[in-house]
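All letters in the sequence shown, in the order written, are residues -19 to -1, 1 to 118 by mature numbering (1 follows the signal peptide of the UniProt record, and there is no 0).
Ideal placement from N, C-alpha and C gives every residue a C-beta, glycine not left out.
The structure presented is a predicted model; accordingly, all values stated were derived computationally and were not measured.
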Amino acid sequence: MKVLHGLLLLLLYLLTLLAELPPSMGLADICIMPKQEGNCKVLSVRWFYNRRSNRCERFMYGGCGGNANNFKNLQECLDKCKPSAKFPAETPRRNLLQGLISKAGLRRFYHRLDEKDVFHDAAEVVECAFGRNKIQV
């Protein structure tokens, strides 16, 4: 009986630990991250996926910091972030807003503002579009 009790406690502990871990990043998440050159000065040639041009591009990496959109060679970048319709180059804001409104299941909305990535809840965007702060599309 004590063994069963111990196993149940261990299982509960492991489930609690798993619940506190951050969610794993999908490839799509990595491929939409902006290029980050890093903080250090040990420069090396690396590759990142540029969702605007819909292709892998070369950049100079500083050697530390940055994000996961950082690949050692072109082939590694292409393997992780295959150019496709999944990562379209810039889509006009009108299409994004119409798509947001027409797809009830969509919960997040993405746009670029002054070269910074910005994510909004769909409710915020719809409120902004139809409330007093109308978006010009």
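From the DSSP output, read off the bridge partner residues of residue 39. 28
According to the neighbour-count rule (16 or more other Cβ atoms, all chains shown, within 10 Å of its Cβ), is residue 48 buried or exposed? exposed
Starting from residue 56, follow the alpha helix (DSSP H) in both directions and report where the run begins and ends. 55 to 61
Taking buried to mean at least 16 other C-beta atoms within 10 Å of its own C-beta, is residue 33 buried or exposed? exposed
If the criterion is Cβ atoms closer than 9 angstroms, does the pair residue 30 and residue 37 meet it? yes
Option nearest residue 27 by Cα separation, candidates 51, 63, -17 and -18: 51
To the nearest whole angstrom, what separates the beta carbons of residue 19 and residue 45, a pair I think is in contact under 8 angstroms? 5 angstroms
For residue 61, which residues from the same chain have a beta carbon less than 8 angstroms from its beta carbon, with the 5 sequence-adjacent residues on both sides left out? 8, 11, 12, 30 and 52
Contact set for residue 40: own chain, Cβ-Cβ below 7 angstroms, skip 5 residues either direction: 16, 18, 27 and 29
Rounded to the nearest angstrom, what separates residue 43 and residue 54 at their Cα positions? 15 angstroms
Which of the three DSSP states, helix, strand or coil, is assigned to residue 107? In this prediction, residue 107 scores a pLDDT of 47, lower than 50, which makes its location untrustworthy; the coordinate-derived value is nonetheless stated afterwards. Reduced to three states, the DSSP call for residue 107 is helix.
State the Cα-Cα distance for the pair residue -19 and residue 14, rounded to the nearest angstrom. 51 angstroms
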